[in-house]
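Enquirer:
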Amino acid sequence: MKTPQMEHIALSVAGKKTTVPIYIGVNIFDEINSIIDLQKYSSVLAIIDKNVARHWTDRIRKVLGENTFSITIPSGEKNKTLATAEKIWATLSKKEFDRKSLVINIGGGMVCDVGAFAASTYMRGIDFVQVPTTLLAQADAAIGGKTGFNFNGLKNTIGTFAVPIAIISDTSFLSSLPQREYRSGFAEIIKHAVITGDGLFDYLLNTNFSSPANRAQYIVPLLEQSTNIKCEIVRKDPYEKKERKKLNFGHTVGHAIEMASKGGLLHGEAIALGMIAEARMSFLSRYLPENKLRDIENLISKAKLPDKIKSLNKIEVLNKILFDKKNSHHEIKWVFLEDIGNVKVDILLPDEIIDEGLDYILK
Ligand SMILES: NC(=O)c1ccc[n+]([C@@H]2O[C@H](COP(=O)([O-])OP(=O)(O)OC[C@H]3O[C@@H](n4cnc5c(N)ncnc54)[C@H](O)[C@@H]3O)[C@@H](O)[C@H]2O)c1
Ligand SMILES: [Zn+2]
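Numbering-wise, the sequence shown is residues 106 to 468 according to our numbering.
#1: Three or more beta-carbon pairs under 8 Å between the segment 234-254 and the segment 356-367, yes or no?
#2: Report, in whole angstroms, the separation of the C-beta atoms of CYS336 and ILE248, which I expect to be a contact under 8 Å.
#3: Helix, strand or coil, according to DSSP, for LEU423 in the structure here?
#4: Under 7 Å: does the beta carbon of LEU282 sit that close to some heavy atom of ligand 1?
#5: Touch check for the segment 271-283 and the segment 291-311: three-plus C-beta pairs under 8 Å?
#6: Flag GLU293 as yes when its Cβ comes closer than 7 Å to any non-hydrogen atom of ligand 2, and as no otherwise.
#7: Taking Cβ to Cβ, would you say GLU293 is nearer than 8 Å to LEU241?
#8: Looking at THR123 and VAL470, is the spacing between their C-beta atoms short of 8 Å?
#9: Is HIS297 near ligand 2, going by C-beta to nearest heavy atom under 7 Å?
#10: For ASP154, which option in SER198, MET215, SER406 has the closest C-alpha, if you only look at C-alpha atoms?
#11: What span of residues does the alpha helix (DSSP H) with PHE131 cover, start to end?
#12: Would you please state the rounded distance, in angstroms, between the beta carbons of SER175 and LEU197? I believe it to be under 8 Å.
#13: How is PRO237 classed by DSSP in three states: helix, strand or coil?
#14: Identify whether ASN261 lies in helix, strand or coil by the three-state DSSP scheme.
#15: Taking the alpha carbon of THR177 as the reference point, which residue from SER148, VAL219, LEU143 has its own alpha carbon closest?
#16: Measure the CB-CB distance between TYR465 and ILE401 and report whether it falls below 8 Å.
#17: Terminal residues of the continuous beta strand (DSSP E) containing LEU169?
#18: Does ligand 1 have even one heavy atom less than 7 Å from the beta-carbon of MET111?
#19: Suppose the cutoff is 7 Å on Cβ atoms and the five residues either side in sequence are ignored; what does the same chain contact list for SER289 look like?
#20: Measure the Cβ-Cβ separation of LEU207 and VAL234 and say whether it is below 8 Å.
#21: Cβ atoms of ILE458 and ILE352: under 8 Å apart, would you say?
#22: Can you check whether the CB of LEU404 is closer than 8 Å to the CB of ALA384?
#23: Any chance you could list the beta strand (DSSP E) runs of at least 3 consecutive residues sitting entirely within the segment 360-401, in chain order?
#24: Taking C-alpha atoms, which residue in ASP444, LYS367, VAL339, VAL422 lies nearest to GLY462?
#25: For ligand 1, is there any heavy atom lying closer than 7 Å to the beta carbon of LYS251?
#26: Any chance the segment 157-169 sits against the segment 186-206, with 3 or more Cβ pairs inside 8 Å?
#27: At a threshold of 7 Å, does PRO372 count as lining ligand 2 (C-beta to nearest heavy atom)?
#28: Excluding sequence positions up to five away, which residues of its chain have a Cβ less than 6 Å from the Cβ of LEU309?
#29: In whole angstroms, give me the CA-to-CA distance for ILE129 and SER416.
#30: Report the option in ASN447, LEU467, LYS341, LEU442 whose CA atom is closest to the CA atom of ILE420.
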């Protein structure tokens, strides 16, 4: 049995704490048989993102063996739907998967979220493994036990908390990732750096982490640091009572513009814009020093992520913010930066500050 690089105590199920082992490395997926005893499962279903299947089917088949079933899921956020969950349930049911079966999600945050949701609800929950294949999913989406899909025009409205039996982040999958998707993943890494302010923030400021020539050298250490931060926060507050809300920095505005852009913006791009708007609000409230706001903007531009967006309507963005599931009674609860690494949650802000923060990115 391979020793994981990291573990996080995740959600407690029926009073029992569960530990999730996390493996990060190049070609680590090829070692799945020494990480998980696949033979002990009555059946195994690999749920594979269509673009991942296009590049990696032969490898996946070779590693998982002939006895593993597989289905491909059409790619993109527009398929993070109930219909996709239904398709997975239908396959599990048609192939007579029982409670001792295993699901392996192989794809970005979309497949990891909806595949995990389907597994966590089929027969009240069967085991699943996350094999994230985008930088964004390796840095963030696959970790922490949140599953779900979009519903009625709103992000992640339906979902569960459920933990995988393992997370296998194999950076070799990133070689087929389009550049724009790659850049999108840096947004969540920058978010982790901003909210903790530990070594990762300076590391990002002082390295040329996003240049394609340097990535091979930086990506595993970046993922290890980023994963550690997310695990630490989830360990303290698995069910998002308080501490975990820090991870929503940039997401109040980010989710709203992601939905308002109707597919025009990738998740990470929307979060980059959301972080700038929310950091600006923190600056306008006379907390975040101006040079720190500039540092955040520098990191976002270093990662070649957008800092302005044209053609979005402010009223529509505000309406999406108000209907976000994080808010209640028409009050917007902000994640607020007093400084890098000093984050307050559930903060109410005056309308003028919100307006100015949005004006800063909506050009
Ligand atoms: N559960 C959580 O805690 C959490 C946290 C952050 C984000 N998310 C969710 O994650 C999603 C975004 O994740 P994402 O950016 O990975 O999006 P994604 O899953 O849609 O993948 C992005 C694109 O990359 C393609 N792709 C994936 N792996 C590839 C590979 N190795 N080679 C080539 N193409 C590949 C996909 O087909 C897709 O077109 C959002 O739905 C977001 O809400 C969830
Ligand atoms: Zn996110």
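Ideal Cβ placement from N, Cα and C applies to all residues, glycine included.
Values in this document were obtained by computation on a predicted structure and should not be read as measured data.
Expert: With the structure as the only source:
#1: The segment 234-254 vs the segment 356-367: no contact.
#2: 7 Å
#3: helix
#4: Yes, since a heavy atom of ligand 1 falls inside the 7 Å radius drawn around the Cβ of LEU282.
#5: With fewer than three CB-CB distances shorter than 8 Å, the segment 271-283 does not count as touching the segment 291-311.
#6: yes
#7: yes
#8: This structure does not reach residue 470, given that the chain is present from 106 up to 468, and the question cannot be answered.
#9: no
#10: MET215
#11: Looking at the sequence provided, one finds Val at residue 131 rather than Phe. Counting along the chain, VAL131 falls outside any alpha helix (DSSP H), and DSSP gives it neither H nor E.
#12: The pair is not a contact, with the Cβ atoms about 12 Å apart (cut-off 8 Å).
#13: Strand at PRO237.
#14: DSSP places ASN261 in strand when its eight states are reduced to three.
#15: By alpha-carbon distance to THR177, the top candidate from SER148, VAL219, LEU143 is VAL219.
#16: no
#17: No beta strand (DSSP E) holds LEU169; the alpha helix (DSSP H) holding it covers 155-169.
#18: no
#19: LEU241, LEU371, HIS372, GLY373, GLU374
#20: yes
#21: The sequence as given places Leu at residue 352; Ile does not occur at that position. Taking 8 Å as the Cβ cut-off, LEU352 and ILE458 do not qualify as a contacting pair.
#22: No, the pair does not count as a contact, with Cβ atoms beyond the cut-off.
#23: none
#24: VAL422
#25: yes
#26: no
#27: Checking the displayed sequence, the identity of residue 372 turns out to be His instead of Pro. Result yes, Cβ under 7 Å from ligand 2.
#28: ALA298, LEU404
#29: The straight-line gap separating the alpha-carbon atoms of ILE129 and SER416 is approximately 39 Å.
#30: LEU467
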